[in-house]
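A.B. asks: Heads up: the protein sequence lines correspond to chains A and B, in order.
The end of the first sequence is residue 471 by this note's numbering, with every number in the run present.
The end of the second sequence is residue 471 by this note's numbering, with every number in the run present.
Every residue gets a Cβ at the ideal spot worked out from N, C-alpha and C, and that includes glycine.
The structure displayed is predicted, hence computed values, not measured ones.
2 protein chains.
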Amino acid sequence: MSESMHAGNFTDLIGSANVLTAPADKAPYLVEWRDLYQGQTPMVLRPGSTAEVSAIIRYANQNNLKIVPQGGNTGLVGGQIPQETGQEIVLSLGRMNKVRQVDPEGFAITVEAGVVLETLQNEAEKAGRLFPLSLGAQGSCQIGGNISTNAGGTSVLAYGNTRDLVLGLEVVLPNGEIWNGLRSLRKDNTGYDLKHLFIGAEGTLGIITAATLKLFPKPKKLEAAFVGLADPASALRLFSIAREQAGPLLTGFELMPRIGVEFCLRHLEHTRDPLEAPHPWYVLMEISSGSEVFETRDLLEAILGEALEEGVVEDAAFAQNLQQVQDFWHIRHGMSEVQKAEGGSIKHDVSVPVASIPAFLDKAMAAVEDFVPGCRPVPFGHLGDGNIHFNVSQPLDADKQAYLDKWDAMNEIVHGIVLDFSGSISAEHGIGRLKKDLLTKVKSPIELELMRQIKRTLDPKGLLNPGRIL
Amino acid sequence: MSESMHAGNFTDLIGSANVLTAPADKAPYLVEWRDLYQGQTPMVLRPGSTAEVSAIIRYANQNNLKIVPQGGNTGLVGGQIPQETGQEIVLSLGRMNKVRQVDPEGFAITVEAGVVLETLQNEAEKAGRLFPLSLGAQGSCQIGGNISTNAGGTSVLAYGNTRDLVLGLEVVLPNGEIWNGLRSLRKDNTGYDLKHLFIGAEGTLGIITAATLKLFPKPKKLEAAFVGLADPASALRLFSIAREQAGPLLTGFELMPRIGVEFCLRHLEHTRDPLEAPHPWYVLMEISSGSEVFETRDLLEAILGEALEEGVVEDAAFAQNLQQVQDFWHIRHGMSEVQKAEGGSIKHDVSVPVASIPAFLDKAMAAVEDFVPGCRPVPFGHLGDGNIHFNVSQPLDADKQAYLDKWDAMNEIVHGIVLDFSGSISAEHGIGRLKKDLLTKVKSPIELELMRQIKRTLDPKGLLNPGRIL
Numbered sequence: 002m003s004e005s006m007h008a009g010n011f012t013d014l015i016g017s018a019n020v021l022t023a024p025a026d027k028a029p030y031l032v033e034w035r036d037l038y039q040g041q042t043p044m045v046l047r048p049g050s051t052a053e054v055s056a057i058i059r060y061a062n063q064n065n066l067k068i069v070p071q072g073g074n075t076g077l078v079g080g081q082i083p084q085e086t087g088q089e090i091v092l093s094l095g096r097m098n099k100v101r102q103v104d105p106e107g108f109a110i111t112v113e114a115g116v117v118l119e120t121l122q123n124e125a126e127k128a129g130r131l132f133p134l135s136l137g138a139q140g141s142c143q144i145g146g147n148i149s150t151n152a153g154g155t156s157v158l159a160y161g162n163t164r165d166l167v168l169g170l171e172v173v174l175p176n177g178e179i180w181n182g183l184r185s186l187r188k189d190n191t192g193y194d195l196k197h198l199f200i201g202a203e204g205t206l207g208i209i210t211a212a213t214l215k216l217f218p219k220p221k222k223l224e225a226a227f228v229g230l231a232d233p234a235s236a237l238r239l240f241s242i243a244r245e246q247a248g249p250l251l252t253g254f255e256l257m258p259r260i261g262v263e264f265c266l267r268h269l270e271h272t273r274d275p276l277e278a279p280h281p282w283y284v285l286m287e288i289s290s291g292s293e294v295f296e297t298r299d300l301l302e303a304i305l306g307e308a309l310e311e312g313v314v315e316d317a318a319f320a321q322n323l324q325q326v327q328d329f330w331h332i333r334h335g336m337s338e339v340q341k342a343e344g345g346s347i348k349h350d351v352s353v354p355v356a357s358i359p360a361f362l363d364k365a366m367a368a369v370e371d372f373v374p375g376c377r378p379v380p381f382g383h384l385g386d387g388n389i390h391f392n393v394s395q396p397l398d399a400d401k402q403a404y405l406d407k408w409d410a411m412n413e414i415v416h417g418i419v420l421d422f423s424g425s426i427s428a429e430h431g432i433g434r435l436k437k438d439l440l441t442k443v444k445s446p447i448e449l450e451l452m453r454q455i456k457r458t459l460d461p462k463g464l465l466n467p468g469r470i471l
Numbered sequence: 002m003s004e005s006m007h008a009g010n011f012t013d014l015i016g017s018a019n020v021l022t023a024p025a026d027k028a029p030y031l032v033e034w035r036d037l038y039q040g041q042t043p044m045v046l047r048p049g050s051t052a053e054v055s056a057i058i059r060y061a062n063q064n065n066l067k068i069v070p071q072g073g074n075t076g077l078v079g080g081q082i083p084q085e086t087g088q089e090i091v092l093s094l095g096r097m098n099k100v101r102q103v104d105p106e107g108f109a110i111t112v113e114a115g116v117v118l119e120t121l122q123n124e125a126e127k128a129g130r131l132f133p134l135s136l137g138a139q140g141s142c143q144i145g146g147n148i149s150t151n152a153g154g155t156s157v158l159a160y161g162n163t164r165d166l167v168l169g170l171e172v173v174l175p176n177g178e179i180w181n182g183l184r185s186l187r188k189d190n191t192g193y194d195l196k197h198l199f200i201g202a203e204g205t206l207g208i209i210t211a212a213t214l215k216l217f218p219k220p221k222k223l224e225a226a227f228v229g230l231a232d233p234a235s236a237l238r239l240f241s242i243a244r245e246q247a248g249p250l251l252t253g254f255e256l257m258p259r260i261g262v263e264f265c266l267r268h269l270e271h272t273r274d275p276l277e278a279p280h281p282w283y284v285l286m287e288i289s290s291g292s293e294v295f296e297t298r299d300l301l302e303a304i305l306g307e308a309l310e311e312g313v314v315e316d317a318a319f320a321q322n323l324q325q326v327q328d329f330w331h332i333r334h335g336m337s338e339v340q341k342a343e344g345g346s347i348k349h350d351v352s353v354p355v356a357s358i359p360a361f362l363d364k365a366m367a368a369v370e371d372f373v374p375g376c377r378p379v380p381f382g383h384l385g386d387g388n389i390h391f392n393v394s395q396p397l398d399a400d401k402q403a404y405l406d407k408w409d410a411m412n413e414i415v416h417g418i419v420l421d422f423s424g425s426i427s428a429e430h431g432i433g434r435l436k437k438d439l440l441t442k443v444k445s446p447i448e449l450e451l452m453r454q455i456k457r458t459l460d461p462k463g464l465l466n467p468g469r470i471l
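(1) DSSP has His-383 (chain A) in a bridge; who is on the other side?
(2) Based on Cα-Cα distance, which residue from B:Arg-187, B:Leu-136, B:Ile-179, B:Ile-209 lies nearest to Asn-162 (chain B)?
(3) Helix, strand or coil for Asn-65 (chain B), going by three-state DSSP, please let me know.
(4) Which two residues bound the contiguous alpha helix (DSSP H) that contains Asp-232 (chain B)?
(5) How about Gln-41 (chain A) and Gly-87 (chain A): do their beta carbons lie closer than 8 Å?
(6) Between the stretch 333 to 352 of chain A and chain B, which residues of the former have CB atoms less than 7 Å from a CB of the latter, in chain order?
(7) Which residues in chain A have a C-beta closer than 8 Å to the C-beta of Met-286 (chain B)? List them in chain order.
(8) Suppose you measure from the CA of Leu-46 (chain B) to the CA of Leu-186 (chain A); what does that come to, to the nearest Å?
(9) Less than 8 Å between the CB atoms is what I'm expecting for Leu-1 (chain A) and Lys-219 (chain A), so what's the real figure, rounded?
(10) Are the stretch 265 to 278 of chain B and the stretch 378 to 393 of chain B touching, with three or more C-beta to C-beta distances below 8 Å?
(11) Taking Asn-176 (chain B) as the reference, give the member of B:Gly-72, B:Leu-66, B:Glu-287, B:Ala-109 with the closest Cα.
(12) Opposite Trp-408 (chain B) in the DSSP bridges: which residues?
(13) My output table needs one value for Asn-151 (chain A): the three-state DSSP class, helix, strand or coil.
(14) Quick check on the burial criterion: 16 or more other C-beta atoms within 10 angstroms. Buried or exposed for Lys-436 (chain B)?
(15) Which residues does DSSP pair with Leu-465 (chain B) in a beta bridge?
(16) Would Ala-212 (chain B) and Ser-149 (chain B) be called neighbours here (beta carbons separated by less than 8 Å)?
(17) Answer yes or no: do Leu-465 (chain A) and Gly-253 (chain A) have a C-beta to C-beta separation smaller than 8 Å?
(18) Using a Cβ-Cβ cut-off of 6 Å (strictly less than) and excluding sequence neighbours within five positions of Gly-49 (chain B), which residues of its own chain qualify?
(19) My guess is that Ile-418 (chain B) and Lys-364 (chain B) are in contact by the Cβ rule of under 8 Å, so how many angstroms apart are they, rounded?
(20) Report the option in B:Val-313, B:Val-314, B:Gly-312, B:Phe-319 whose CA atom is closest to the CA atom of Leu-300 (chain B).
(21) Between Ala-52 (chain B) and Leu-14 (chain B), what straight-line distance do the alpha-carbon atoms span, to the nearest angstrom?
(22) Excluding the five sequence neighbours on either side, which residues of its own chain have a C-beta within less than 7 Å of the C-beta of Ala-303 (chain A), listed in chain order?
(23) Please check if any C-beta of chain B sits within less than 8 Å of the C-beta of Val-157 (chain A).
(24) Quick one: give me the first and last residue of the alpha helix (DSSP H) that Asn-123 (chain B) is part of.
(25) Report yes or no: do the stretch 188 to 196 of chain A and the stretch 442 to 462 of chain B share at least 3 C-beta pairs separated by less than 8 Å?
(26) Identify the continuous alpha helix (DSSP H) that holds Leu-362 (chain A) and give its terminal residues.
(27) Whole angstroms are fine: how far does the CA of Asp-328 (chain B) sit from the CA of Lys-341 (chain B)?
(28) Quick one: which residues of the stretch 278 to 311 of chain A get their C-beta closer than 8 Å to a C-beta of chain B? List them in chain order.
(29) Thinking just about the alpha-carbon of each residue, which of A:Ala-278, A:Asn-19, A:Tyr-404 is nearest to the one in Glu-343 (chain A)?
(30) Under the rule that 16 or more other beta-carbon atoms within 10 Å means buried, what is Ser-357 (chain B), buried or exposed?
(31) So that I know if they touch, is there some Cβ in chain A lying closer than 8 Å to that of Leu-440 (chain B)?
(32) I'd like to know if Glu-89 (chain A) contacts chain B, where contact means its C-beta is closer than 8 Å to some C-beta of that chain.
(33) Please name the residues in the stretch 185 to 197 of chain B whose beta-carbon is closer than 8 Å to at least one beta-carbon of chain A, in chain order.
(34) Whole angstroms are fine: how far does the CA of Arg-259 (chain B) sit from the CA of Glu-106 (chain B)?
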């Protein structure tokens with residue numbers, strides 16, 4: 002059957018306005034924001050309901066058509082962009098953007114996959130609740146994509162990854178059947194917990210069309226400190242002290258190196274050094290509480306007092322108001338962007354067991370400096386989650402492209418060290434197409450075979466997001 | 002091949018002392034504590050290592066022998082007891098009781114499946130940490146069984162179900178291969194998250210031999226109040242207020258009816274009525290904090306102050322010390338046991354969305370009173386999790402056995418109402434053999450087929466805990 006016949010049949014299913022075949026209409030769906038992937042597709046389908054997604058997938062299954070689901074198109078590993086071969090049809094979930102139910106008393110919300118994360122945050126806010134998932138792309142990423150990639154972000158320490166925020170899912174299976182697993186139960190031990198199959202599966206096992214998600218009480222008090230330290234081992238000890246005292250009220254614990262702060266001071270507007278003297282390393286520590294009763298400032302001071310007494314902290318600045326809390330976060334959030342102004346940057350999104358972070362950083366920084374003398378490691382990120390964005394800026398006088406050509410080789414060195422520490426080569430961003438070949442190197446044959454068995458069982462024709470992950 | 006030949010071959014694998022064939026040796030593994038299930042088995046195997054489990058399963062797979070894994074034998078749904086046919090070999094994990102690694106800085110611990118829950122709690126305590134899973138059987142249940150059944154307990158509100166406490170697993174697959182998924186990473190997006198397949202699968206997809214689990218800071222301050230209220234709607238509103246103010250520091254929120262407290266006063270030693278006058282309903286509310294700095298009593302008073310102002314609370318008693326906190330919990334923990342002294346009790350372990358609890362209780366209590374006039378509902382439990390132990394004591398003058406004969410019929414009535422509220426017919430205890438037939442009535446054909454596909458894929462011969470769940 003020809004492409005135009007398929008397009009005609011899809012038009013019968015979802016209307017001509019939602020079957021995009023003109024190059025200009027398709028274009029926004031074919032590139033991602035860093036231009037790393039540029040794909041081709043016969044058409045982009047924009048269903049408006051679960052029934053329409055089901056009809057599309059059923060038809061695709063019958064006609065052996067490959068489908069690439071796409072949310073807000075903010076993924077970083079090429080999962081959502083069709084292959085260059087032009088064989089894969091893009092299924093955009095963006096029109097499925099209804100908030101189906103808000104349940105403040107039950108601390109739950111049910112939304113469709115195409116709801117933008119920021120919209121979801123705002124809906125929770127309106128109901129007097131918090132939806133804690135928070136990340137750079139929140140203004141355009143969609144919750145279906147967040148769930149499909151098990152997104153991380155800056156609130157994982159206190160609230161968990163996206164996986165931990167999901168109570169129930171509605172999924173269109175590879176044969177077009179709809180699995181209604183939309184539950185808002187906190188406890189349910191009735192057989193296999195199927196939702197976890199689809200969370201983080203990057204659209205390879207089914208199309209998530211809706212989700213019931215956990216809501217939380219809104220924090221009413223927020224405290225933050227910008228702390229100067231000698232080394233990552235001190236930061237780890239501070240983390241232990243902070244977690245012991247603050248427990249679940251410790252909502253942020255981010256590690257940054259001096260060079261990253263310097264980059265921000267140099268290239269990021271509205272930035273000033275939070276501490277008088279420079280320190281080799283910094284921690285941005287945040288505490289929040291839903292109660293007006295608690296003296297959260299006392300808690301922050303008690304934590305830093307204990308740390309000062311132990312000699313693990315060199316200096317600390319307390320945010321005096323919400324603006325200063327935001328100023329501290331401004332530096333942390335700017336840390337990725339400012340690296341662009343310093344030439345080429347080779348990136349790694351890795352995690353290791355929390356207690357191994359100091360040793361990992363020692364080894365990995367020494368290894369890349371040995372590999373490219375003069376390179377400038379800027380490792381920063383979520384120390385409390387064991388997740389470091391191990392980015393390495395080029396030497397000051399180097400040729401950018403010549404440096405970037407070493408990407409794979411440097412990755413191999415860093416990932417080797419990550420594996421020595423039983424770490425992960427993709428802590429937050431997933432596998433997609435970017436790390437597919439890597440996966441076969443870092444996973445055991447038994448684990449890979451288990452994954453392949455699951456894929457073959459649910460999607461025997463291999464039509465859903467083929468070539469991603471496996 | 003004969004049973005004795007198999008026994009001989011197993012002896013070659015794990016030593017004769019660990020292959021129990023004498024009736025007296027096997028007996029403790031063939032009954033569960035309520036005597037609801039009594040099974041038969043050719044032998045009980047007691048491996049001491051993952052390699053031995055692997056060897057056993059490989060041999061069993063080659064010889065089509067059915068295997069029932071058993072931990073502390075405290076399950077409530079017959080999952081761990083071999084069938085009466087005498088065809089199933091019991092695999093006891095009890096000898097695999099090593100603590101492999103304690104990582105206080107990384108808030109993690111790695112233990113073998115046979116470690117008793119209380120031992121695990123103590124190991125965490127020794128390292129200055131908390132392992133929060135807590136339930137009645139903790140002195141004898143084993144962590145492998147807790148994980149395989151996704152155990153609940155009294156700390157789910159703040160710390161989640163067992164599933165939420167697992168960082169990594171080691172599993173012997175149905176073909177005998179060992180999947181080493183023992184990771185202590187907080188973030189890892191490298192393909193399908195396979196551990197969730199085995200958690201809560203009741204040993205039907207693989208044998209969990211070890212796990213890496215989350216640890217938490219130890220609470221240093223504990224507050225509790227025993228609150229009298231007019232109805233469950235008031236309790237729900239109090240929950241909302243408490244959760245808004247205390248957030249994750251709200252570590253307990255248990256609902257009890259007056260009749261349950263009366264049963265305790267009548268049959269449970271060392272019990273006194275915490276409040277002067279009787280109230281139709283009670284809530285036991287607990288707050289804990291890791292910080293010495295916080296005035297947790299102020300927080301508890303602020304919550305109850307707001308609730309009093311709104312008129313949702315009739316009276317409240319504060320625990321003045323740790324002993325009184327324990328006295329309050331003594332009533333709550335005694336509530337199941339005291340029902341024995343009041344004649345027959347028909348039980349339901351159900352959950353509904355938290356906000357539906359008042360309406361569910363109204364309907365379910367009316368329905369059972371309609372079905373058996375004079376019966377005495379004693380619904381109690383984890384309101385904050387939406388999980389109610391909906392137990393119904395016999396009418397005062399009724400014949401016990403005649404009443405208990407109505408078990409299935411009453412279950413059907415209550416479960417019907419649970420389903421009307423999109424609830425679960427097994428919130429904590431799992432499916433096992435007890436609720437296997439029920440499962441086919443409450444799950445959609447699509448969901449059942451997905452589960453069967455997973456089972457067939459991982460265990461094509463159907464040898465691991467056959468006839469449980471599916």
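C.D. replies: Well, looking at it:
(1) A:Glu-255, A:Asn-388
(2) B:Leu-136
(3) coil
(4) Note, Asp-232 (chain B): premise wrong, no alpha helix (DSSP H); not H, not E.
(5) yes
(6) Closer than 7 Å at the C-beta level to chain B, one finds these residues of the stretch 333 to 352 of chain A: Ser-352.
(7) Residues of chain A whose Cβ lies closer than 8 Å to the Cβ of Met-286 (chain B) do not exist; the shortest such Cβ separation is about 14 Å.
(8) 38 Å
(9) Absent from the model: residue 1 (chain A). The displayed extent of chain A is 2 to 471, so no value can be given.
(10) Contact fails: fewer than three Cβ-Cβ distances are below 8 Å.
(11) B:Leu-66
(12) Paired residue(s): none; Trp-408 (chain B) is not in a bridge.
(13) coil
(14) buried
(15) Bridge partners of Leu-465 (chain B): B:Ile-68.
(16) no
(17) Not closer than 8 Å, so no.
(18) For Gly-49 (chain B), where only same-chain residues beyond five positions count, the Cβ hits under 6 Å are Arg-96.
(19) 5 Å
(20) B:Phe-319
(21) 10 Å
(22) The residues are Gln-246.
(23) yes
(24) 118 to 127
(25) yes
(26) 358 to 372
(27) 21 Å
(28) Across the stretch 278 to 311 of chain A, CB contacts with chain B closer than 8 Å involve Ser-290, Gly-291, Ser-292, Glu-293, Val-294, Phe-295, Glu-296, Asp-299, Leu-300, Ala-303, in sequence order along the chain.
(29) Of A:Ala-278, A:Asn-19, A:Tyr-404, the smallest CA-CA separation from Glu-343 (chain A) is found for A:Tyr-404.
(30) buried
(31) yes
(32) At a cut-off of 8 Å between beta carbons, Glu-89 (chain A) makes no contact with chain B.
(33) Answer set for the stretch 185 to 197 of chain B: Ser-185, Leu-186, Arg-187, Lys-188, Asp-189, Asn-190, Thr-191, Gly-192, Tyr-193, Asp-194, Leu-195, His-197.
(34) 45 Å
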